[in-house]
Amino acid sequence: MTSYASRRIGKILSIKGLIVEVRVGAQLPKVHEVLTLEEDQTVWLEVAYYRDATTLVCLNLLAHPGVRRGRSVITSDAEISIPVGAEAMGRMWSALGQPIDGKPMPESVARRSIYPKANNATGFVRLKPELLETGIKVIDFFTPFVKGRKIGIIGGAGVGKTVLTMELMHNIARDPSKLSIFVGIGERIREGHELYNTLQERDLLKSTALFFGQMNETPAIRSIIGAAASSLAEYFRDEEGKDVLCFIDNIYRHVQAVNELSTQVGQVPSEGGYQPTLFSDLRRFQDRLTSTDKGSVTSVQAIFIPADDLSDPAVQEIAQQLDGVIVLSRQVAEMGIRPAVDLIQTTSSLLTPDIIGERHYVLTAQVQAIMQKYESLKNIISIIGENELSPADRTDYEKAKKLRNYFNQSMYVTEDLSGHKGEYFTREQTLKGVEEILI
Numbered sequence: 075m076t077s078y079a080s081r082r083i084g085k086i087l088s089i090k091g092l093i094v095e096v097r098v099g100a101q102l103p104k105v106h107e108v109l110t111l112e113e114d115q116t117v118w119l120e121v122a123y124y125r126d127a128t129t130l131v132c133l134n135l136l137a138h139p140g141v142r143r144g145r146s147v148i149t150s151d152a153e154i155s156i157p158v159g160a161e162a163m164g165r166m167w168s169a170l171g172q173p174i175d176g177k178p179m180p181e182s183v184a185r186r187s188i189y190p191k192a193n194n195a196t197g198f199v200r201l202k203p204e205l206l207e208t209g210i211k212v213i214d215f216f217t218p219f220v221k222g223r224k225i226g227i228i229g230g231a232g233v234g235k236t237v238l239t240m241e242l243m244h245n246i247a248r249d250p251s252k253l254s255i256f257v258g259i260g261e262r263i264r265e266g267h268e269l270y271n272t273l274q275e276r277d278l279l280k281s282t283a284l285f286f287g288q289m290n291e292t293p294a295i296r297s298i299i300g301a302a303a304s305s306l307a308e309y310f311r312d313e314e315g316k317d318v319l320c321f322i323d324n325i326y327r328h329v330q331a332v333n334e335l336s337t338q339v340g341q342v343p344s345e346g347g348y349q350p351t352l353f354s355d356l357r358r359f360q361d362r363l364t365s366t367d368k369g370s371v372t373s374v375q376a377i378f379i380p381a382d383d384l385s386d387p388a389v390q391e392i393a394q395q396l397d398g399v400i401v402l403s404r405q406v407a408e409m410g411i412r413p414a415v416d417l418i419q420t421t422s423s424l425l426t427p428d429i430i431g432e433r434h435y436v437l438t439a440q441v442q443a444i445m446q447k448y449e450s451l452k453n454i455i456s457i458i459g460e461n462e463l464s465p466a467d468r469t470d471y472e473k474a475k476k477l478r479n480y481f482n483q484s485m486y487v488t489e490d491l492s493g494h495k496g497e498y499f500t501r502e503q504t505l506k507g508v509e510e511i512l513i
C-alpha cells in the first residue's frame, strides 16, 4: 500500500463475510480508496460503494481476521496500484501489486492505479486488420488472430484450455516487438508455477508479466486481478505505444468471483443464478482490452464451461463480446486429437475476404460444408454402414476424416510429457495442406 499521511475516518459498524460496513463522519473517502485499521495496517479494506451518506460498504480484500466491530478505520488516500514500466516485466504480481515470485520489489518503480481514469479516452482510428500468425493450424485456419481483437477458448475441465493458452503464448510471444501479460483468475497454483517455469526455460519470461489471483484467494482478490493486469496493458499501450498480448485464464472465474461478492452483498440473482450486473461487469472489463491510435491490446481468453453446458448464461454473455470463439470438445479429446477443437462449433466474425483473403475464405467455407456433411453422415453410417453411401458421399466422408486428423498437432509446451517434438506451421503451409486434402 502506498504510504500517505493516514487519518481516522470512522469505525466498523458490521461484518458479513468479506463485506464490512464502516460508519464515517465528515471525511468521506472516494470509491476504490484503500482503508486500513488504526492498530493493524496489514488490513486492506477497499471502498466498494456508499450505502447512505454516512455508511461505507467495503471489501475485506485479504479476509483479514483482525477486522472486528468497533475498530477505528483510517485511510491511506490511495487506490490499489501496480508497478508499471520495464521493471514490471519478467515478474509475478499479486492483485495488490506485490511481488509473489520471491524477488524483492524494484526500487523507485513507478506505480499506477488498477482502475481507469475517467478522462483517458483517445480518438478512434480505424486500423487496417493485421493478421497475427500463431503457428497452430486449426486456429490460424478457423479463428485467425487479428491484432487488437479478442479470441475466446471455450471448454470444460480437462480438455486443454490452459495448454492451448500456453502454446499460444509460446508461439506468438516469440516476436520481441510484442509484450505479453498473463492473468490467472481463480486457477490452480500448480498451473502458475508450470507457466512461470516454461516461460523461464524458453527465454520468454523477460518480455512477460504475470498476475495471479488463484483459487485459494478471496473472491475480492479474484475479482480485481483482471483490473490489475489491464492497467499494465493500458500503460504500455498508451504511454509507450506498444502492441500487447493479454492472456486470461480464465474469464469465467472473474464472473464467478463477482457473483460470490454479489451474493454476500445480498443482490437478487438473475438468470442462471448469476449477478444482475453480469453484462455491465463483463463490458467494463472487456472495454479496457481494446486498441487505440497509440497501440493495441490483443487478448486470448480461456472460458470454463460449467458442466460442459455451452448454453450457460455467463458463457453466452462472454462469447458474444468476443470476435472469435474456439470451442474445445471432450469427444474430440477422447479421439486423441490435440488441440481438441470442435471444427463445427468454432466460429469467428473475422472470417471475411477483406481480412483473410479470398483464397482462405473459400477454403474455410468448403471445409465447414464438408464437416457439416460429415456430422449428418455419421448418423446414417451408424445405421446402414459406410459401404451403403453413394460414391460422392463416401468421398466427402473420407475427406472430412482426413481434415479432422490434419488439424491434430504436437505442442511445444507438452514436449516433455508427450515425447513428441512441437510443431509450427505457417499460414501458407496450413492452407496448402487443406487444399491437398480437398482436391
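Quick note on this note's numbering: the sequence shown kicks off at 75 and runs consecutively. The C-beta atom is built at its ideal place from N, Cα and C for all residues, glycine as well.
Cβ contact annotation for residue 370 (same chain, cutoff 6 Å, sequence separation greater than five): 221, 222 and 317, in chain order.
Contact between residue 160 and residue 306 is ruled out by a C-beta separation of about 11 Å, above the 8 Å threshold.
For the segment 267 to 329, the full-length alpha helix (DSSP H) segments reaching 4 residues or more read 293 to 313 along the chain. Taken atom to atom, the span from the alpha-carbon of residue 265 to that of residue 289 is near 11 Å.
The alpha-carbon separation between residue 257 and residue 171 amounts to approximately 13 Å.
Around the C-beta of residue 214, 16 or more other C-beta atoms lie within 10 Å, and the residue is accordingly described as buried. Rounded to the nearest whole angstrom, the C-alpha separation of residue 254 and residue 281 is 6 Å.
Taken through DSSP and simplified to helix, strand or coil, residue 162 comes out as helix.
Ranked by Cα distance from residue 299, the options 210, 234, 332 and 248 are led by 332.
Per DSSP, reduced to three states, the secondary structure at residue 85 is strand. Boundaries of the alpha helix (DSSP H) around residue 360: 352 to 361. Inclusion of residue 108 and residue 309 in the CB contact set at 8 Å is not warranted, their separation being larger than that value. From the listed residues 458, 509 and 275, the smallest Cα separation to residue 433 is found for 509.
With respect to the C-alpha of residue 326, the residue from 378, 361 and 345 having the closest C-alpha is 378. Within the DSSP bridge table, the entry for residue 147 names 84 and 111 as partners.
In the displayed model, residue 347 falls within a helix according to three-state DSSP. Residue 122 sits in a strand when the DSSP states are folded into three classes. Among the bridge pairs identified by DSSP, residue 186 is matched with 156. Non-local C-beta neighbours of residue 397 in its own chain, meaning closer than 8 Å and more than five positions away in sequence, comprise 220, 223, 224, 225, 422, 423 and 424, ordered along the chain. Of the candidates 302, 271 and 297, the residue whose Cα lies closest to the Cα of residue 285 is 302. Straight-line spacing of the CA atoms in residue 472 and residue 184 works out to 59 Å. Here DSSP, grouped into helix, strand and coil, assigns residue 250 to coil.
Your pair residue 496 and residue 485 checks out as a contact, with CB atoms roughly 6 Å apart and the cut at 8 Å. In the three-state scheme derived from DSSP, where H, G and I count as helix and E and B as strand, residue 90 is classed as strand. Bridge partners of residue 377 according to DSSP: 228. About 4 Å separates the CB atoms of residue 118 and residue 135; that is less than 8 Å, so the two are in contact. In this structure, DSSP gives residue 210 a state outside helix and strand, which the three-state scheme calls coil. Within a 10 Å sphere around the beta-carbon of residue 336 sit 16 or more other beta-carbons, which makes this residue buried. With contacts defined as CB atoms closer than 8 Å, residue 382 and residue 346 fail to qualify as a contacting pair. Between residue 361 and residue 334, the alpha-carbon positions lie close to 22 Å from each other. Residue state for residue 245 is assigned as helix, using DSSP reduced to three classes.
In the three-state reduction of the DSSP assignment, residue 512 falls in the helix class, which pools H, G and I. Selection 350, 406, 238 and 404 evaluated against residue 324 yields 238 as nearest (Cα-Cα).
With respect to the 8 Å criterion, residue 227 and residue 145 are not classified as neighbours on the basis of their beta carbons. Out of 166, 460, 154 and 121, the CA that lies nearest to the CA of residue 263 is found in 166.
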